[in-house]
Amino acid sequence: MPCILPEPRRITFKEGNWRKSHLSHFSRDVRIGIHAPVGWRGPVSWLQKGLEHEQMFRVEDVSPEEADIVFEKRLPSGSLSGPKDDLLMLGFQNEAYRIEVTPDRILIAAASAHGASRAVASLRQMLSGQRARLELPCFVLEDEPSFAWRGMHFDCSRHFWCVDDVLRFIDLAALHKFNVFHWHLTDDQGWRLPVEGYPRLSDCAAWRDGTMVGHDCDRATNPQDGIRHGGFYSHEDIRRVVAHAEARGMHVLPEIDVPGHVQALLTAYPEFGNTGLAPGVRTCWGISPHTLNLEPQTFEFLERVVDTLAELFPFPLVHLGGDEAKTGEWMESPRIPERMAELGIPDVLGIQPFFTQRLVEMLAHHGRRMVGWDEIIEGKAPDASAVVMYWRDSEKNDHALDRKALECRNGLVLANWSKTYFDLYQEAGPGRDFEPLAICGCLTLEDVYRWNPLARYPEALATGVWGAQAQVWTEYIPNRPHLDYMVYPRACALSQVLWRGADREDFPHFLSRLERHLPLLDRLGVAYRPSFPPPPDNTSQP
Ligand code: ACM
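Residue numbering for the sequence shown follows my numbering, starting at 39 and increasing by one per position.
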């Protein structure tokens, strides 16, 4: 029985099957006809790619009467109300969909193109592995997500990933019904976004002379590999990525991380820093002490960055970082007090809120809203248009900035360090010695699956949580097999947490679903982490 992951809400099987088969394995004599509303090119082309390249059928646009697969724009009856107004204004769509398979045809009803993309993800999973001879049992499937924001973040700074790797990352995320691709484009170890008028971003800030071997804890004694590493995405590359994501019903949230995490930038343009010196693009991990200064040319540069992002990325939200900006340089620089006085910043702790406010205004100029890591809400609450990504969820050190964001009615996206950082180890204890090098801690498949994102919030506040996302930081992830190992199957677990919310099957049932899902990942060449406890001996549920 084909299996769908994340688990769909309702599926009822009926008598009979839908079949489509060529007369022989070598002929291509039978075509599949598709009919879809105007404007649904994205989901249709995604389905078509699968049918042509995996299932080996020729696909044609045809009239509804002739079609084997009909898409219809309509809100499936009985579906929930969809995203709230603030999210609808940001381009989030009602993702409810219904698939009805009869012996004659497949009918897909969806309220929006993104709903149609989720239906295509389900169909692609069900048809995967079939070639030249297709068969589906007849069924009615009704489905929709619990959380509007279901994100996957990807750090393309610590290690540079070529466009094909990025497209594949998006493909796999879309297949699991994630709908936001958070693209971390800059950090201390490499700047990946060209900005007109600043050629040294691509000539210098995009490259480092080597990378530390081993763990950052042993920085003092670890050797460097001495291999030049880096790269950047041309604007054409970026447009390709955005179009690829959009065709799969995913928003692309770009991130430029300021005013900390800028060591690569300051190597190319030391005039934006506090020391006047080029620190060198960072070749080890950890938090850099370097930050932006408060000079006019720095803000002029940031304006050009924001202009560039607004031109390349259609999503109304733009992430401008804000995490881990150390105050040391600001306290020591002789120019900072002068500039603070000129700008009316009362103390050093006011510098970060000042940056946030200026960035919020720059984005507002383009009709965009800022997203930032939870540091942006520390101290003075920022403009309510700023969206908070909550990551510092340590029990020991509870800043409660998530609750503050909810109380201040800033949008809140959960990126809890202890539940969604896929750069954490997947084993505690002695088993960890057999794991590839990772940043720290332990986050097992079961930990991800058992996470209740809303557990911390009273009901009145919980409605303000937009959703959550996985973080894929790549300090310790240098290549594709290692990436797959860290992300899958933990992303499968998170997809189900976010798609189904509290109303999801228990962990043993999830494991048995996963067991039936893994052949799909095998066919796609995903080098997922294979070992987890065997599932109990059940179930025939799809
Ligand atoms: C972060 O992990 N510094 C957001």
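All C-beta atoms, glycine included, are put in the ideal place defined by N, C-alpha and C.
What separation, rounded to the nearest whole angstrom, lies between the Cα atoms of S550 and F219? 28 angstroms
Check this for me: beta carbons of L401 and F392, under 8 angstroms apart or not? no
Cβ of D123 within 8 angstroms of Cβ of V510? no
Residues that DSSP places opposite M427 in a beta bridge: W411 and V451
Is it the case that the Cβ atoms of I415 and L358 are separated by a distance below 8 angstroms? no
Per-residue DSSP class, three states only, for H273: helix
Limits of the unbroken beta strand (DSSP E) element including Q507: V503 to A508
Which value, in whole angstroms, describes the spacing of the CA atoms of D256 and F310? 30 angstroms
Of the listed residues G264, L125, L340 and D412, nearest to Y236 (C-alpha basis): L340
Quick one: using the 10 Å Cβ neighbour count with 16 as the cut-off for buried, is F51 buried or exposed? exposed
Given 7 angstroms as the limit, tell me if W411 has its C-beta closer than that to any heavy atom belonging to the ligand ACM. yes
Is the beta carbon of D225 closer than 8 angstroms to that of H328? no
Short check: CB of L210 to CB of L223, under 8 angstroms? no
Is it a yes or a no for the segment 476 to 485 touching the segment 497 to 506, going by three-plus beta-carbon pairs under 8 angstroms? no
For a test of the three-state rule: what should DSSP assign to I515, helix, strand or coil? coil
Coil, strand or helix - S59 by DSSP: strand
Check R494 in the structure and name its three-state DSSP category. coil
Just how far apart, CA to CA, sit V266 and V251? It is Arg, not Val, that sits at residue 266 in the sequence shown. When rounded, the distance between both Cα atoms is 13 angstroms.
Answer yes or no: do A302 and P308 have a C-beta to C-beta separation smaller than 8 angstroms? no
Return the CA-CA distance between A283 and V204, expressed in angstroms with no decimal places. 10 angstroms
Quick one: is the Cβ of W221 within less than 7 angstroms of any heavy atom of the ligand ACM? no
Endpoints, alpha helix (DSSP H) assigned at I389: I389 to H403
CB-CB under 8 angstroms to F337, same chain, minus the five flanking residues each way: which ones, in chain order? R396
Kindly indicate which three-state DSSP category A148 falls into: helix, strand or coil? strand
Distance between beta carbons of A151 and G80, contact taken as under 8 angstroms: 6 angstroms
Does the ligand ACM have a heavy atom nearer than 7 angstroms to the CB of D361? yes
Got a sec? Which residues, its chain only, sit under 6 angstroms from H289 by beta carbon, not counting five neighbours each side? V218 and F353
Output needed for I107: all residues of its chain with C-beta closer than 6 angstroms, excluding positions within five of it in sequence on either side, in chain order. I72 and I144
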